[in-house]
Amino acid sequence: MFKLSKILSSGRYSDLTLTCDGQKFNVHKAIVCSQSPVLAAACNGNFQESITNTIHVKFKSETVNQMVEFLYNQDYTADKSHATTHAANVLLQHVRVNAIADYYRITPLCHLATLKLRAAFQSKWSTETFSAVVQEAVGITGDLSLQDMLASTAAGHIEELLSSETFINLETLHGLPISILQAVLASHQGRLETLGNEIRELSLEIGAKEHLIKTLRARQDSETARANRVIQNINHCISTLNRTQFCERCHGDVGCYITRTGTGSDKALNIWIVKE
């Protein structure tokens with residue numbers, strides 16, 4: 001299967017040159033102009049570029065190379081050779097790719113760079129790296145898909161970000177896109193609402209428990225009072241029997257004995273009266 005990358009690497013049949021930082025990128029109008037209306041306008045309009053077939057690009061050569069790679073392969077690779085010297089280097093490359101794609105109106109490349117950034121944040125989160133990305137993005141790109149992604153990511157890590165001096169002290173924090181600030185506010189409001197609902201549920205549960213405790217205490221007090229009355233009555237009966245020696249009717253001797261039956265709260269006293 002023929003690959004456009006072969007034409008790019010060979011440089012054959014190229015009819016347009018992109019220059020940047022002293023480097024030249026020999027490309028083909030049919031390929032790059034069909035994907036970028038800005039490049040197409042430069043080549044087709046009454047501009048010097050349409051005469052010289054040379055366009056000077058005001059982005060880093062690394063970023064231009066990644067854009068060209070995408071135009072021929074529908075993908076691009078980040079240079080990781082400097083990743084050890086700066087942890088955020090790879091992610092900043094994605095921001096710059098998004099910026100050049102936004103400038104030249106290459107929408108699929110904007111989305112791809114944003115997806116790569118999102119995947120990087122999900123794979124390994126760092127407040128310092130995110131802060132560096134925000135610092136870079138605010139100054140160079142106006143792509144809404146990137147701003148929305150940064151907004152949702154910030155909302156998901158709001159506690160960590162607000163406790164990070166690196167993020168709080170960003171020079172461009174006051175210029176953050178309104179979508180990021182709105183997402184942060186919405187996150188706070190949502191969490192406050194959730195906490196409010198939890199507090200109300202706990203209050204209802206506590207109220208129900210307190211009512212149950214009050215009911216059980218009232219029942220206990222009632223049973224205790226009843227038991228005390230029973231005990232008093234029994235003691236009165238025992239005292240009366242102990243004082244009774246003769247039958248009031250026949251004046252004969254009276255004897256009695258008391259037996260206890262049952263266990264626990266079911267205990268009962270049985271009084272047996274016998275004539276001697």
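Going letter by letter, the sequence shown gives residues 1 to 276 in UniProt numbering.
For each residue, glycine too, the CB sits at the ideal point set by N, CA and C.
In this structure, VAL133 and LEU109 do not form a Cβ contact; the two beta carbons are roughly 17 Å apart against a cut-off of 8 Å. Around the beta carbon of ALA119, a 10 Å sphere encloses fewer than 16 other beta carbons of the protein chains shown; the residue is thus reported as exposed. Beta bridge pairing from DSSP links LEU16 with VAL27.
When DSSP reads this structure, HIS188 sits in no beta bridge, so it has no partner. In the three-state reduction of the DSSP assignment, HIS94 falls in the helix class, which pools H, G and I. Pairing ASN98 with LEU146 gives a Cβ-Cβ distance under 8 Å. Here the stretch 61–81 lies against the stretch 25–32, with 3 or more beta-carbon pairs under 8 Å apart. Within its own chain, the residues whose Cβ lies closer than 7 Å to the Cβ of HIS111, once the five positions on either side in sequence are excluded, are SER145, listed in chain order. Residue state for THR54 is assigned as strand, using DSSP reduced to three classes. Burial is judged here by how many other beta carbons sit within 10 angstroms of a residue's own beta carbon; ILE100 has at least 16 and is buried.
Shown here, GLN74 sits in coil according to DSSP, grouped into three states, outside any helix or strand. For THR153, the three-state secondary structure derived from DSSP is helix. With a beta-carbon spacing of about 5 Å, GLU136 and LEU92 fall inside the 8 Å limit used to define contacts.
Annotation: the stretch 87–143 contains the following complete segments of the alpha helix (DSSP H) (minimum length 4 residues), in chain order: 89–103, 107–123 and 127–140. Scanning its chain for C-beta atoms nearer than 7 Å, with the 5 sequence neighbours on each side dropped, one finds around GLN23 the residues SER61, in chain order. Per DSSP, reduced to three states, the secondary structure at GLY45 is coil, with no helix or strand assignment. Look at ASP148 here: in three-state DSSP terms it is helix. Per DSSP, reduced to three states, the secondary structure at GLN220 is helical. SER34 sits in coil when the DSSP states are folded into three classes, being neither helix nor strand. Closest in alpha carbon position to ALA154, among ARG226, LEU8, PHE59 and ALA186, is ALA186.
Short of 7 Å from the beta carbon of PHE167, and not among the five residues preceding or following it, lie these beta carbons of its own chain, in chain order: THR127, SER131 and LEU161. In the three-state reduction of the DSSP assignment, LYS60 falls in the coil class, being assigned neither a helical nor a strand state. Taking THR107 as reference, the option from THR141, ALA78 and TRP125 with the minimal CA-CA separation is THR141. When secondary structure is reduced to three states using DSSP, LEU170 falls in the coil class, being assigned neither helix nor strand. If you ignore the 5 residues before and after THR17, its C-beta comes within less than 8 Å of the C-beta of LYS24, PHE25, ASN26, VAL27, ASN53, THR54 and ILE55, all in its own chain and listed in chain order. At the C-beta level, ARG12 and PHE59 stay beyond 8 Å of one another.
Rounded to whole angstroms, the separation of the alpha carbons of GLY207 and GLU201 is 10 Å. Taking C-alpha positions only, HIS211 is separated from SER164 by approximately 46 Å.
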